[in-house]
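Here is the structure we will look at.
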Amino acid sequence: MNLPQKGAAALAVAVLMLGTSACGGGGGASDAEEFTFWSMHKQDEPRAKMLGELAAAFTKDTGIKVNLVFQGRENLKKLQPTLVGGNVAADLVDGSQAGLLNLLQATGNAKDLSGLLKDRIPGEDKTVGDVIPDNYRQVIADAGKTYMIPTSVHTWQIYYNAAKLPEVAADPPKTFEELLALFDKSKAAGRAALAADGDIQGYVGKWLSQALIREFGPGNLAKVLTDRSGAGFDDPRFLKAATYIERLAKGQYMIDGWDASKFPAIQQKWAQGQADFLFIGTYGPSETAEIAGPGFTFRSFPFPRTEGGFTSEEVSLFGFAVPAKARHAANAEKFIEYFMNKKWLERIPADEKVMSIRTDTSTPVEVADAKATLDSGVPLHLQMDGVRGMDDWNVKIFLPMAKDLFAGKVTAAAFVAKLKTDTVNWWKVNG
Amino acid sequence: MATATVEAPAAVRPAAETGSPLARARQRLYLPFVLPALAVYLLVFIVPSLFTVVLSFAEWAGAGPIEWVGFDNYRRLWYDDVFHSSLLNTLLILIGVGFLTFLFSFGLTMVLREMAGRKFVRAVIFFPNAVSALAISILWGFLFQADGLANALLRLAGVDTVPRWLADDNLFYVICMGLVWVNTGFYTTILMAAVDRIPAYLYEAADLEGASPWQKFRNVTLPLMWDAVAVSATLWAISAIKIFEFIYVFAGAAGSVPTTKAWTLSLYAYAEAFQPTGEARYGASAAATMVTLVLIVVLTLLTRRVTRRESLEY
């Protein structure tokens, strides 16, 4: 009897110790030349193939082993718990500018990469800072720190099939009035003018946020939204912007079922020619190319000017960040420098049909118009004018109301009045 | 085992002192067997729960400094319209979906009790519960698209103005329909298992005395299956409040949260913790979770009390 009892007790102790060591995390830092990279990409994406080749070449040239893990889009969420304590799980991550800013920089967990900007790119005479256009520098800096190194850039454009609408390609609309006239033409020809996957509220809300920034200009919209008295909502430009969207709703240009379908059904219908225009990020062509087929010529134009006259364009950057507590930060930084070489960054437009951050890489035809817009020297702004700490407001108040306005359920005046009240109330408990 | 308890009543003589060798051995093994489970329970359940309580009084982005804010997170819930609608939706699922689910489950149990091939039918209606909620919710999305199968069938049947099932205003009700469909099989299976144990002679006696189907259900089936009903009701109360993935996958698109009109308390807590683009708000999420927890405890106790009956032996 005694022996099995001791055995059971020993087993229990062993289980406990195992549990404790598992909770305590793995051993200490290794001296081996290596680092761990948690990528936002998935194994079956073109970027995964490229990263695999890149890691192999990097290891061959430097002797530094890359522990490459394709965590997918949740990579930052998975990293978050490991930032508490001294055992951060990855030395390098990639992600969107907003994700890296909010998860790493805002919580004091991003390593300052300012020094890296001055480092030479292996195999080139240029520094990392040389190949990042100046107008993106302010976006990747916060509180005196460079929290990310961007590798690719997206913007928003109104897309159409130039093979079907050559007249639009010849003379794209420049003002909102011209855009509505174009939509009227589509409607008169018996076609749906506009498509949007209504279940992604941000796709619909983008119409209003873009109209607002056209009216107020970059930097000014943020002031209106963060003014806790709500006085900015009384500015006639706010109503003006909302009225543009009200007119859009009244025109009934939308494809049937846009607000009662599941993404990506509606953008696929657009790709099949069932609607003429689609306002979407520059990832749109790669998402719809397969459905669109070879006969579809992707062309685009920027959100048209309004009376406000501002011309800035929204950009979202994607790139690298290094956690402040990364144990192999130096190796991770070497990898970033290696990646910034033209040979590798060229793979972003070539494989993914996406704009790379470098201006000297090629431009895929699908995003050529977008690239031309950004290169024309227009000012840049971030989503919702880069306002921070208002995501809760955006999801719960702004986007649902913007969708109601877009769908014609409320008038512009009622919309502005309610948005003002709700925003002021939101600030009362969230300020 | 029975001998030990009879010979040494704990109240009179503690077993460890003077009990049988078996009782002493059991006493010695008590801690080694209980400790691991207790440790795991403490580590993965009690400690995180206590941490959640503490966190509900703080602001924390998941990393970086924790800032104490007192009852601010709870105050925010009080004034947040979306929290109110999420709470209402949760109660609608709990009561509305629960009512329909049990209505269908009782109905099916009665129909299937005397039906040939009922095991096969039971397997069929249990099927939605066995399949991943993710797969089902994706399938439902396709069925109820503006030009999906449901509307195609309606058009074939001559309906001109088909419903916009997935529009923001209707989405939640479609979700409720889905939940009824998924859960009916599960509860039918539990209830049928209880009904199967009821001796046939009770029904034969009822037949001889000329009882109607309703009288048989009211006076034979229901009293004898009551334990299973009580357990099912408690299970439902707990799971209804926690329903998450079905709604998140069915209504959310491409990583974005669904329309706030379809949020429940668990979705609310998730959206607070994992803001789509902004800083995470674990404190606000913890406060919402605490409210949910209190709701679960209260409703579970209430359900237990309402369904408490004398257990019948047969």
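Here the protein sequences line up with chains A and B, keeping their order. The first sequence begins at 7 in the working numbering and counts up by one. The second sequence begins at 28 in the working numbering and counts up by one. We put the CB at the ideal spot given by N, CA and C, even for glycine. Treat the numbers as computed from the prediction; the structure is a model and nothing was measured.
- The C-beta distance from Ala173/B to Gly263/A rounds to 3 Å, short enough to meet the 8 Å contact threshold.
- Annotated three-state conformation of Met219/B is helix, per DSSP.
- Annotation note: the segment 186 to 249 of chain B contains the following uninterrupted alpha helix (DSSP H) runs of length 4 or greater, listed N- to C-terminal: 195 to 223, 227 to 235 and 240 to 243.
- The three-state reading of DSSP puts Thr294/A in helix, counting H, G and I together.
- A buried status is given to Gly46/B, since no fewer than 16 other beta-carbon atoms sit within 10 Å of its beta-carbon.
- Judged by their CB atoms, Leu89/A and Ala327/A are not nearer to each other than the 7 Å cut-off.
- In this structure Ala169/A is in contact with Thr303/A, their Cβ atoms being roughly 4 Å apart against a cut-off of 8 Å.
- In the assembly as shown, Gly168/B is a buried residue. Its beta-carbon has 16 or more other beta-carbons within 10 Å.
- Listed in chain order, the alpha helix (DSSP H) elements of length 4 or more contained wholly in the segment 80 to 142 of chain B are 99 to 106, 108 to 118 and 125 to 140.
- Taking the Cα positions, Thr68/A is about 15 Å away from Met346/A.
- 7 Å or more divides the Cβ of His387/A from the Cβ of Glu313/A.
- Per DSSP, reduced to three states, the secondary structure at Ile270/B is coil, with no helix or strand assignment.
- Counting only residues of its own chain and dropping the five nearest sequence neighbours on each side, Gln278/A has a CB closer than 8 Å to the CB of Ile297 and Ala298.
- When Pro52/A, Pro308/A, Arg79/A and Glu39/A are compared, the shortest CA-CA separation from Trp350/A is found for Pro52/A.
- Across the set Thr379/A, Ile342/A and Phe283/A, the C-alpha of Phe283/A shows the shortest separation from the C-alpha of Asp190/A.
- Contact annotation for Thr287/B against chain A: Val401, Lys402 and Pro406 [CB-CB distance below 8 Å, chain order].
- For Trp44/A, the uninterrupted beta strand (DSSP E) segment begins and ends at Glu40 to Ser45.
- Counting of Cβ neighbours within 10 angstroms places Ala149/A among the exposed residues, the total staying below 16.
- Chain A has a Cβ within less than 7 Å of the Cβ of Thr304/B.
- By alpha-carbon distance to Asn197/B, the top candidate from Thr369/A, Asp205/A and Ala176/A is Asp205/A.
- Separation of the CB atoms of Phe273/B and Ala160/B is rounded to 5 Å, and the pair is thereby assigned contact status at 8 Å.
- The alpha-carbon separation between Leu118/B and Ala90/B amounts to approximately 33 Å.
- Residue contact with chain A for Val109/B: present (Cβ-Cβ distance below 7 Å to some residue of chain A).
- Note on His47/A: 16 or more other CB atoms within 10 angstroms of its CB, so buried under the neighbour-count rule.
- Setting aside the 5 residues that flank it on each side, Ile354/A is surrounded in the same chain by Ser158, Val360 and Ser362, each with a C-beta closer than 6 Å to its C-beta; the list follows chain order.
- The shortest C-alpha to C-alpha distance from Cys203/B to any of Thr136/B, Thr291/B, Arg224/B and Ala150/B is the one to Thr291/B.
- Between the alpha carbons of Ala378/A and Thr288/A lies a gap of roughly 13 Å.
- Annotated three-state conformation of Ile155/A is strand, per DSSP.
- With at least 16 other beta carbons inside 10 angstroms of its own, Arg305/A counts as buried.
- Nearest CB-CB separation between Ser259/B and chain A: not below the 7 Å threshold.
- When C-beta distances to chain B are compared with 8 Å, the residues of the segment 76 to 90 of chain A below that value are Arg79, Lys83, Gln86, Pro87, Leu89 and Val90, in chain order.
- For Arg191/B, the chain A residues whose Cβ falls inside 8 Å of its Cβ are Gly263, Asp265 and Ala266, in order along the chain.
- The three-state secondary structure of Glu339/A, taken from DSSP, is helix.
- Of the residues Thr216/B, Val256/B and Ala157/B, the one whose Cα lies closest to the Cα of Arg335/B is Val256/B.
- Put simply, the CB of Gly236/A is far from chain B, with every gap to its CB atoms at 7 Å or more.
- Runs of the beta strand (DSSP E) lying entirely within the segment 233 to 297 of chain A and spanning at least 3 residues, in chain order: 281 to 287.
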